[in-house]
Amino acid sequence: MDSPGYNCFVDRDKMDAAVQDQGPKELSCTELAELKQLARQGYWACSYALRGKVYQRLIRDIPCRTVTPDASVYSDIVGKIVGKHSGTSLPLPEFVDNTQVPSYCLNTRGEGAVRKILLCIANQFPDVSFCPALPAVVALLLHYSTDEAQCFENACRILACNDPSRKLVDQSFLAFESSCMTFGDLVNKYCQAAHKLMVAVSEDVLQVYADWQRWLFGELPLSYFARVFDVFLVEGYKVLYRVALAILKFFHKVRAGQPLESDSVKQDIRAFVRDIAKTVSPEKLLEKAFAIRLFSRKEIQLLQMANEKALKQKGITVKQKRQFVHLAVHAENFHSEIVSVKEMRDIWSWVPERFALCQPLLLFSSLQHGYSLTRFYFQCEGHEPTLLLIKTTQKEVCGAYLSTDWSERNKFGGKVGFFGTGECFVFRLQPEVQRYEWVVIKHPELTKPVSLEAVAAPSPPCRPMSSDPADRLSPFLATRHFNLPSKTESMFMAGGNDCLIIGGGGGQALYIDGDLNRGRTGHCDTFNNQPLCSENFFIAAVEAWGFQDPDTQ
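The sequence shown runs 1 to 553 under UniProt numbering.
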């Protein structure tokens, strides 16, 4: 390596095998679009010197709050904070949550420097209460810093970013936990095969997904993490979701069909990530990550906001022991005429994470309340979301997850009008399991998101809603945020006195008559679904379930 200014914290013998200092020495481009492509292609990945220059430039350009600690601050405080202790004997600050410092080919001096820098950051950022990603960030930045003070300044700039549209690292448990829930939601939508495997082998699938940042910030080998960080500094937080989803896809591909144990799946994924070089190159990992057609950054931000609000309303703002998600559906007190406990748990694994924390509450049963659509509406009003279950006289079982309060139908003045959001989905359980989501999820090219301006606050989780419809509508995947070519792709749910309809455009996913006696099902544009059961059917039973916060029981 011919970058002597960057070598003081590095074990050269280890580094020579991990990074070869080859390739270009300068970068002239200034356009973001071009920079994004170069980062994804690994333009500076083979040049230790150029990567250092690019990191300094990208971090220097981060918009930060007015008072952001710089290198001179570090020089002033490090002696007082560290004292005469050797760096490697220093404790780590509480906000890293017992996260170990990745070695990343650092020498003893480098390992001690990471601890010194983290303690000085804790001194200057008392508002940072939970940031387990930071040790990995500091350890990597040390590779491209001429001294500890420069590394400290760069890490501080990442923490002090004040651009609301450019989130970089989680700095509180609330932000971290909502990111974990958001990742779970994205897995549910974009890695359905892997999600199905996780649900099958995990007592608490959320606990598995809560590990997602550790896969990136700690378990990934240095050469892989550096490639991810290259793109992260250019494109931001969304890149992390992409790469973690790609990791899970590769894990599922390699481990599908092999035995997995509930108590070891987290460790299995960690081990897979540590040894990922046996499976896929950094280039293939990023290629897979950017082949995933994710929602826009704004839509993901809305989902994060909704998850964060759900956690706040449950009082989850500091670290505490999680409850097993499977406990949401208790075998001893759950009874349905249509689905088993296992089937309900499978459905629960599909719902958004902020509602998976809730427990099922029976709102309507045709056997208990009678076969009346009017009574169905009466029992369901004031609750969102709800789960509709239908059993036919041929013992077929299908249904729908419905994001919005049925009282919304009243705003159409007695006419049948569609409402709801893109979180709605339809499914069948018998004779075989199949879920159909909003067509835009798998085909985002159908639409372009509009701006985030004037977005309402996310809807509260699992509780009766206020009387104002504006307070109840979830902003995530609301059609008002999309430029849709036609309305046929956004006909989620509708209800009148004589019928109930789920999914529209070119047909109806479900149509139920006013006596809850007959129904029909077919393809619709909104969900791009196949018929959910026999196309014309008689109803044996109908149930509607709400989502109840266990704290309110």
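The beta carbon of each residue, even a glycine, is placed where N, CA and C say it ideally should be. Keep in mind it's a predicted model, so treat the numbers as computed, not measured.
Can you tell me whether DSSP reads Q430 as helix, strand or coil? Q430 carries a strand assignment under DSSP once its states are collapsed to helix, strand and coil.
In whole angstroms, give me the CA-to-CA distance for G496 and V416. 5 Å
Can you confirm whether the region 270-283 touches the region 295-315 when touching is taken to mean that 3 or more C-beta pairs between the two stretches lie within less than 8 Å? no
Report the three-state DSSP secondary structure of E543 (helix, strand or coil). strand
DSSP on Y371, reduced to helix/strand/coil? coil
Rounded to whole angstroms, what is the Cα-Cα separation between S378 and S281? Here the sequence assigns Phe to residue 378, which means Ser is not the residue at that position. Looking at the two C-alpha atoms, the distance is approximately 57 Å.
May I ask you to list the residues that DSSP assigns as paired with T88? Looking at the DSSP assignment, T88 forms no beta bridge with any residue, so it has no partner.
Using DSSP bridges, identify the partner residues of R435. F427
Quick check on this structure: which residue in A544, R520 and F547 has the alpha carbon closest to the alpha carbon of E535? R520
Straight-line Cα distance separating R227 from L302: 28 Å
Euclidean distance between Cα positions of K342 and G399: Straight-line measurement puts the Cα of G399 at about 16 Å from the Cα of K342.
Count the other CB atoms within 10 Å of the CB of F376; is the residue buried (16 or more) or exposed (fewer)? Its Cβ being crowded by 16 or more others within 10 Å, F376 is buried.
According to DSSP, simplified to helix, strand and coil, what is L511? The question names Leu, but residue 511 in the sequence shown is Tyr. Note: Y511 maps to strand in three-state DSSP.
Return the residue from the list K253, V239 and S28 that minimises the CA-CA distance to K167. V239
Starting from L389, trace the alpha helix (DSSP H) in both directions and tell me its first and last residue. It is not in any alpha helix (DSSP H) - L389 instead sits in the beta strand (DSSP E) that spans T386 to T392.
Rounded to a whole number of angstroms, what is the C-alpha to C-alpha distance between F537 and C499? 15 Å
Can you tell me where the alpha helix (DSSP H) holding A310 begins and where it ends? R297 to Q313
Please identify the residue among V205, L220 and A194 whose C-alpha is closest to the C-alpha of V254. A194
Does the structure place the region 61-72 close enough to the region 157-165 that three or more beta carbon pairs sit under 8 Å? yes
Pick out whichever of T404, A33, E408 and N410 has its Cα sitting closest to the Cα of G422. T404
Where DSSP assigns a beta bridge to G399, which residues make up the other side? The beta-bridge partner set that DSSP reports for G399 consists of L389 and F427.
Per-residue DSSP class, three states only, for L35: helix
Just to confirm my understanding: we take I338, look at its own chain, exclude 5 residues before and 5 after, and list those with CB closer than 7 Å. What are they? L389, K391, V397, A541 and E543
Cα-Cα separation, G184 to K80: Rounded to whole angstroms, G184 to K80 spans 43 Å at the Cα level.
For A175, the nearest candidate out of N107, G52 and A210 (CA to CA): A210
Among E299, L286, C151 and D513, which has the Cα closest to the Cα of A246? L286
Round the Cβ separation of V439 and F527 to the nearest angstrom and send it over; I've been treating them as touching at under 8 Å. 6 Å
Assuming P132 contacts V114 (C-beta within less than 8 Å), just tell me the rounded distance between them. Not a contact, Cβ separation roughly 14 Å.
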